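This report refers to the structure that appears directly beneath it.
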Amino acid sequence: MGVTCSPDGARVVALHLPGLGLSGAVQPGALGRLTALQLLSLRFNNLSGPLPTDLLHLPALAGLHLHRNTFSDALPAGLPRFAALQVLDLSSNGFGGGIPDALANLTRLVTLDAAG
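What follows is the structure, encoded as structure tokens:
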């Protein structure tokens, strides 16, 4: 749990923040500058609102775990930009709309959970 930095300590590569009671919307700009981020785990919190669009600017992201929050709105159209994404867990949220067909373009995606 917590923050993991690159070996030289210069970049954040993982944020493990599950079950910390975080609530409210993720503020725009809060994550977009973490361009070396490979893993983001915010599961089991009470985060709400739409997914912040700055998530779309994380080219190294391989794991996105948002299970059991209260995110809403449609999934961002740019979600398929995650060329490195292997695990995407959006389950147990309140997303509207369907799963974008463009997710089929995520050639490295191994696990997708969008239930409930």
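In this text, residue positions in the sequence shown follow the numbering used here: the first is -17, and each later residue adds one.
All residues carry an ideal CB built from backbone N, CA and C; glycine is no exception.
The model shown is predicted, which means the values in this text are computed figures rather than measured ones.
Distance from the CA of Arg50 to the CA of Leu57, rounded to the nearest whole angstrom, comes to 16 Å.
By the neighbour-count criterion, in which 16 or more other beta carbons inside 10 Å mark a residue as buried, Asp(-10) falls on the exposed side. A Cβ-Cβ contact shorter than 8 Å links His47 with Ser23. Taken through DSSP and simplified to helix, strand or coil, Asp83 comes out as helix. The criterion of a C-beta distance shorter than 8 Å is not satisfied by Leu61 and Ala96.
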